[in-house]
Structure formats: structure tokens, C-alpha cells
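Okay, structure first, notes after.
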Amino acid sequence: MIATKNVSPRGRPRAFDKEEALAKAQALFHAKGYDALSVADLTEAIGINPPSFYAAFGSKAELYSAALKRYEEREGLDVPGALAADRPLDEGVAALLRQAADNYGSGDAPGCMVIEGARGTADPQASDQARRMLDMSRKVIHAAIAGREPQRAEIITDYIMMAMSGLSASARNGVPTDRLRALAAIASNQLSHHLKEIGQ
């Protein structure tokens, strides 16, 4: 039997859920990257037509910016918790990198959406948005370190950012979470050894 429009009672169409649409867009951007997606891809996944898309989000770049913010708010690393002032710095870095390994290796889309967007997006506007967010993350990490290691805060921050970038790239290349954790442990152990050598 073929269903017809008369089978179900008429009612108001389902309201557009902007948050649900943003969640779907975030998942797509994270999995495929900005450049690989067209507006047609996004409208099909979200389930709206192009006029409604532009009315709700403005543009593809604006939707990407909102998706980045949502990712950072919901899936970003807990830097203040890991690098708390009452915790030894080497332990804090180890916790932060372990957290990054778990975060980047889990879910349907591997890697860090912000890191990968900053280095792998051809569109200048989208790339700038990701880079600005990455710069903000770097400042948070630097500020957490500078209170205890003012002379070495810059190089330690650089090291952490390098390690997180490497973990993200490795996750993107298919390295499983257990190996990401092992890599994170090696990176944090090297920093711990360095800090002890120079007198933390």
C-alpha cells in the first residue's frame, strides 16, 4: 500500500531547529573540512533550502565560524583545569596532552577541528577564523604557564602547541586513541625531563 498525503492528519510543519542544524554543520565541517563542503551539501544535510540557509546563518563562512565556536565550547580542552596553579607543571602538561589524545581520537571526526581548519583551509576568511581561535587557545595556555615559568613560558607553550598539532594530524591519519595516548605520554615525559634538567 502506498501512503498518500491524506493518510496523516494535517498539522503545522516541524519548526526549524537552529541548534540542531548547527550541530549537523559542525559534524560535517569537522569530518570533511571547510573546502570539501558546498552550500548544497550543507542544506541537504541540515534539511533546509538555500534561502532559509542564508536567512538563518548568513553565509557558509558565518556558519563555519558558529560551528567553530560550538566545537570550542562543547569539545574544547579544559586548559584551566589541566594547568591549574596548584598542580606541578609537568603533571598538568601530561594531563592536557592526554586529554587532547582522547579528544582527537574519539568520535566520528578525528583530530582537532580548530587546528585542522587553521592549517588545511584554502578559503582565507575561514582559515583566519580558525587561526584566530587557535591563537586564543594559545594565549590561554601561555597565561596558565607564565605565572610560574615567566622566562620559559613562550617555549613551553610552543612545545605544547606543537605536540597538540602532531596529535591532531596523527589522529586525522588514522592513528588510534591508544597510540595517541602513548605519543602524548612521550611528549609530556620529554618536557618533564627538560624541566627537571633546567630546574623547574
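1 is the number of the first residue of the sequence shown in full-length UniProt numbering; add one for each residue after it.
Even glycine gets a Cβ: it sits at the ideal position worked out from N, Cα and C.
Checklist entry - What whole-angstrom Cβ distance do ARG70 and ARG181 have, given they're in contact under 8 Å? => result Going by Cβ atoms, the distance from ARG70 to ARG181 rounds to 26 Å, so no, they are not a contact pair.
Item to check | Length of the line joining the Cα atoms of ASP86 and GLU149 | outcome: 14 Å
Item to check | alpha helix (DSSP H) segment containing ASP41, residue limits | outcome: 39–46
Item to check | Distance, GLN125 Cα to PRO51 Cα | outcome: 22 Å
Checklist entry - Would the beta-carbon of GLY105 fall within 8 Å of that of THR177? => result yes
Next on the checklist: Check whether chain D comes within 8 Å of ASP128, counting only Cβ atoms and requiring the distance to be less than that.
Outcome noted: No chain D is present in this structure, which holds just one protein chain.
Checklist entry - Using 8 Å as the threshold, is the segment 58–65 in touch with the segment 150–166, meaning 3 or more CB pairs across them? => result no
Next on the checklist: Since ALA45 and LEU28 should fall inside the 8 Å C-beta cutoff, what is the C-beta to C-beta distance between them, to a whole number of angstroms?
Outcome noted: 6 Å
Item to check | Status (buried if at least 16 other CB within 10 Å, exposed otherwise) for GLY92 | outcome: buried
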